[in-house]
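Chemist: One structure follows; several queries about it will come next.
Residue numbers (our numbering): -19 to 1289.
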């Protein structure tokens, strides 16, 4: 409905015309129809009006349009035609108007500054874009200046000026120190809006020489730095000391102490100032004051209140921020700075102006020849904007004349249009603060009728339900729709049918005789067309035997029946629920065709059981309660549900109330707790009983409230602890008088299903809520924030109404009022709804990617303007995909990944990237309709990472002194391989590790032959790959050289390509603590447990073990120190054990379990020295010499001579057999903290190159804690093999003994 207003007497023609306007055609959103209809151009996407570009990248000026036939494109630059064919740097995308200016191949962005405008044209008109101002961003360098140090007295104020270079757009200012740490700010020290750093009062801790102002230019991603500023604060104490040193004792000296000062404003200056801000922008007002103590800032608005939901305080309340300002925010704002000595204030007079904004934007018109219509363009602003019209991009004053067109200010009136009247009109609303430009076409179509509903469509409806038969149509002029039943039936008319404007035929109550063929006929002056649809009426599904209330004893059996009747052509499905949830997954529940049986009932089975019957057209359900009771003792009182009440009587009949009384039935040994009163509406829902109220068990009468136009019957149900009684017999009927409705529909909503409609829905009133016959609804709506009157329509008893032709996603005020034959319900409340959403128009801009590491990147983007979202903003989607690996240079199938960021976020993290790869991404905004256009693809690359482990390591061709190694390159090189690292060391028969050897192998090699190895020796190999970033994870392997038949003493020597490495630990802090690679070496009664550990230093480990498969508790042994191995003793031979390793203080932190089995010790792979002939001979000779010596001593003693051994020992004490002090010569335990400490006393090799015997040999046997410890005569280790060396084989000085040639000789002799 158009708004009523006074019209000058000079415009009688306009009055007459507006009374004769015929509404424009609605074009259905049918894809096939839209492809066939001609349409003038429509701009669908364009660059922003103020377009700042990166001068280092190509300039892309967007211009996309649609139309039928497809439009052609042209451009103007600075008001004149821009011939892109004459500029080799400029190209236009195919089937698009988007310009691409090539800057990266020699072009200069400054040469293309200017104002650009795009025109899209076809045979039905021309649409134009906004004026797009192209400006390259600028980030100039800071002007060089000599900055003098600031010498300030404690307590004084100070301002450090930033004065950044003028850039486009302006830079973001922040203050940091030389260590790139932000300077702390507070109420005393803060940064102003102009970038200066303000000190309300300085303190001695403000003294520093690195106050640095930084300017960040986001568009070019550059940061400029000002020269550091030095500030020195002189405290009163230091000044007094300086003065005292230069004066005599008789002089009077002393600087004044720090004096407190009342506030003084540093900015703004003076007592008043003014500020102009535009509507919709953010208003920022600032007050910074000096003073001691530090002043506190407070803001007020003179003559009004600060808007509570739009006001924010920033910068320690020194900045007042009001978002989305409007003209109502104009006024005087006062800031007050106060401390204990006084206060000062400043008044800022704020004026809010407004760039033009739409009240009513012109909308496209689709008209038939001879029809009338209007284009309305209304805008507001401050100052009031001027309205000008263009036709096909040309001012309408000089455009070709059209006799059907008349311009009247902000309105163009069309009368008796013809097909040649089709054109695109532009409305320009402008004032000194900006402009709005809108395209709206007038499309004159002459089309014969078309029916869009498929032919012979079948509709199936349950009897007594509404039937809706569709007849979607289009034609120009708008066709008339008629419905017929049968082949030669007459036209359908009468109250039993409802004819909707969209062509739909509604049969409110479909009966069996409604079955048949219905014909829809659409005709206009250009033709006629018809379509047949078929209607079938099905019998409703009913539960003829419902489940009944049951009381069953515990461990008994119970069964619920659910017998149904349904239409023979429909296939029903029956579902049973317990307490509105699925039945328990228990074999005790047996579901039959018509029943549910529960076997062996327990207390948990107590509840409500529901039988639900579904068909494709309807659904019915019925419920019953199961009560489980304990088995009664013998003898026992029998408890049961009460008998039903009887003798119901109605008295005191009034229009809205009545009194009901009854006589209770037998309680059956359980007192009645309450009575439930139910009613039946014989007029609207016969046979259906509803809950009315309930009263205590001691009450037998109740006053009942009644509704108009209801034929009431009542019944009463008695309830005790056992359950409910059967209902009483119904009372006599009582029909109440009709009345107008008391209430309006609930849950009124307005949600558009299409961009140009508003679907209004509500919950229909129940039958008894109608209060009388002829229930209808008055549906009213009007656009919110637009000065229009309500538009209303009265519809039948339905629950939905569709408003067509609405603008996209605008708010509407909606209300729905019930009425019947006796009158209207009370005035309904208003709700706010929105017309339909459309896809977002604009892609997010300024997409930037910051690569954090080789697998993680952070993407930033600018949020799109909310007006372009055209719907509820749901978030942003980032599409990203790998283009290629930079190491392999091979493309593969592109698998796009999508990350969704909810809400108005402007950044997100991209995890799980592959190192050393090229990626692309784009960003799209998402609303309830879908996704908007994608931003231009952004390319970024991930840096190199460490490689994965080599794919395999094979050791072949073992000989006496050589092994052949072959390997495969890493599956994921994650960069350019620089080399392979091979480390290996021998292992003796007690699993001790020998010296470590390291080889660096070129990256292009895949095999290596190791020579000059010891025969019959096991070696452990560690192999990994390297990139420029570092080493990847390693793989390990073991191999044994072939054993010779004889024995010869062979020294371990390195080949020319090998070099020994002095063991040194380079500790690497793991990303998270873990224990892995738990290994065991078991003998008959003991086992050596070793592991690898990554985590915090100085962890205290423990070992837990037990018999495998046993349920006994784990046994726990504490590991001494932070070593990575332990010997379990006292085990049972031939038994399988389970073992795991944990760390104290780390909750729940253990390794995975390992299983081993004790048994006979395995034979050593090395030659057993006890079986060698030379060794047996030597031992026999030693035994013989000892026997001879004993015989000689015995003979001499028998002769009476004395052998002065004791005296000689006392005189010449042998240091080899003297007991060692506790602090001498002991083997030190391995400790991470002692990697770089001096060697312990007694652990150095003597200067005469002999190896001094050390004490505590058993510590080596038990724990294996010295690489260069004690050796047997055959050169094998006594200590245990330490599993920790497997993690870092070449890193860690695991012996406190200094390396020497003698030690090397003693290692494997």
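Even glycine gets a Cβ: it sits at the ideal position worked out from N, Cα and C.
Does the Cβ of residue 546 have 16 or more other Cβ atoms within 10 Å, making it buried, or fewer, making it exposed?
Modeler: Counting Cβ neighbours within 10 Å, residue 546 comes out buried, since at least 16 surround it.
Chemist: Round the Cβ separation of residue 1111 and residue 1065 to the nearest angstrom and send it over; I've been treating them as touching at under 8 Å.
Modeler: Sure, about 5 Å apart at Cβ, within 8 Å.
Chemist: When you compare each of 90, 393, 843 and 803 to residue 884 by their alpha carbons, which one comes out closest?
Modeler: Taking only the C-alpha atoms, the option nearest residue 884 is 843.
Chemist: Pull the bridge partners of residue 485 from the DSSP assignment, please.
Modeler: In the DSSP output, where bridge partners are listed per residue, residue 485 has 449 and 479.
Chemist: Is residue 432 helix, strand or coil by DSSP?
Modeler: Residue 432 falls in the coil class under three-state DSSP.
Chemist: In three-state DSSP terms, what is residue 400?
Modeler: Of the three classes helix, strand and coil, the one that applies to residue 400 here is helix, per DSSP.
Chemist: If distances are taken between C-alpha atoms only, which option among 700, 364 and 271 comes closest to residue 415?
Modeler: Comparing Cα-Cα distances from residue 415 to each of 700, 364 and 271, the minimum goes to 364.
Chemist: Give me the residue from 983, 438, 61 and 169 with the minimum Cα distance to residue 958.
Modeler: When each option's Cα is compared against that of residue 958, the closest is 983.
Chemist: So residue 1290 and residue 722 are in contact, right, with Cβ under 8 Å, and what is the actual spacing, rounded?
Modeler: A query on residue 1290 cannot be resolved here, the shown segment of the chain reaching from -19 to 1289 and no further.
Chemist: Per the DSSP calculation, residue 360 is bridged to which residue(s)?
Modeler: Partner(s): 337.
Chemist: Determine the burial state of residue 106: buried for a count of at least 16 other Cβ atoms within 10 Å of its Cβ, exposed for fewer.
Modeler: So residue 106 ends up on the buried side.
Chemist: Nearest to residue 898 by alpha carbon, out of 247, 919, 935 and 968?
Modeler: Among 247, 919, 935 and 968, the Cα nearest to that of residue 898 belongs to 919.
Chemist: Taking the beta strand (DSSP E) that residue 22 falls in, what are its first and last residues?
Modeler: Here the beta strand (DSSP E) through residue 22 covers 19 to 26.
Chemist: DSSP three-state label for residue 68, please.
Modeler: In this structure, residue 68 counts as coil in the three-state DSSP scheme.
Chemist: Note down the Cα distance separating residue 379 from residue 373, rounded to an integer number of angstroms.
Modeler: Distance between the alpha carbons of residue 379 and residue 373: 9 Å.
Chemist: Within 8 Å, do at least three Cβ pairs link the stretch 476 to 487 to the stretch 310 to 330?
Modeler: Touching, no.
Chemist: Which residues does DSSP list as the beta-bridge partners of residue 570?
Modeler: Paired residue(s): 577.
Chemist: In the DSSP assignment, find the unbroken alpha helix (DSSP H) run with residue 846 in it and report its ends.
Modeler: 846 to 849 is the span of the alpha helix (DSSP H), which, as asked, contains residue 846.
Chemist: Can you check which of these residues, 740, 94, 930 and 1104, is closest to residue 948 by C-alpha distance?
Modeler: When only C-alpha atoms are compared, the closest one is 930.
Chemist: Please report how far the alpha carbon of residue 594 lies from the alpha carbon of residue 434, in whole angstroms.
Modeler: Going by the C-alpha atoms only, they are around 28 Å apart.
Chemist: With H, G and I counted as helix, E and B as strand and the rest as coil, what does DSSP make of residue 559?
Modeler: Note: residue 559 maps to coil in three-state DSSP.
Chemist: What is the rounded straight-line gap between the Cα of residue 67 and the Cα of residue 738?
Modeler: If you take the alpha carbons of residue 67 and residue 738, they lie about 49 Å apart.
Chemist: Candidates 141, 453 and 995: which alpha carbon is nearest residue 14's?
Modeler: The shortest C-alpha separation from residue 14 is found at 453.
Chemist: Less than 6 Å between C-beta atoms, sequence neighbours within five positions excluded: which residues of the same chain meet that for residue 338?
Modeler: So the qualifying residues of the chain are 359.
Chemist: Determine, using beta carbons only, whether residue 702 and residue 648 come nearer to each other than 9 Å.
Modeler: Yes, the Cβ-Cβ distance between residue 702 and residue 648 is below 9 Å.
Chemist: Excluding five sequence neighbours on each side, which residues of the same chain lie with their C-beta closer than 7 Å to the C-beta of residue 693?
Modeler: Same-chain partners within the cutoff: 659, 660, 662, 710, 711 and 713.
Chemist: According to DSSP, is residue 702 part of a helix, a strand, or is it coil?
Modeler: In this structure, residue 702 counts as coil in the three-state DSSP scheme.
Chemist: Please go through the same chain and pick out, in chain order, the residues whose beta-carbon is closer than 6 Å to the beta-carbon of residue 142, but skip the five residues on each side of it.
Modeler: Taken in chain order, the residues that qualify are 153, 175, 176 and 193.
Chemist: Flag this pair as yes or no: are the beta carbons of residue 423 and residue 344 separated by less than 9 Å?
Modeler: For residue 423 and residue 344, yes; Cβs fall inside 9 Å.
Chemist: In whole angstroms, what separates the C-alpha of residue 265 from that of residue 300?
Modeler: Cα-Cα distance, rounded: 5 Å.
Chemist: Going by C-alpha to C-alpha distance, which of 585, 596, 113 and 591 sits closest to residue 609?
Modeler: Ranking 585, 596, 113 and 591 by Cα distance to residue 609 puts 585 first.
Chemist: Compare the beta carbon distance of residue 405 and residue 393 with 9 Å and say whether it is the shorter of the two.
Modeler: Not closer than 9 Å, so no.
Chemist: Count the other C-beta atoms from every protein chain shown that fall within 10 angstroms of the C-beta of residue 1055, then say buried if there are 16 or more, exposed otherwise.
Modeler: The residue is buried, with at least 16 neighbouring Cβ atoms inside 10 Å.
Chemist: According to DSSP, is residue 367 part of a helix, a strand, or is it coil?
Modeler: Three-state DSSP puts residue 367 in a strand.
Chemist: For a test of the three-state rule: what should DSSP assign to residue 636, helix, strand or coil?
Modeler: If DSSP states are grouped into helix, strand and coil, residue 636 belongs with coil.
Chemist: Put residue 749 into one of helix, strand or coil per three-state DSSP.
Modeler: Looking at residue 749 - three-state DSSP - the assignment turns out to be helix.
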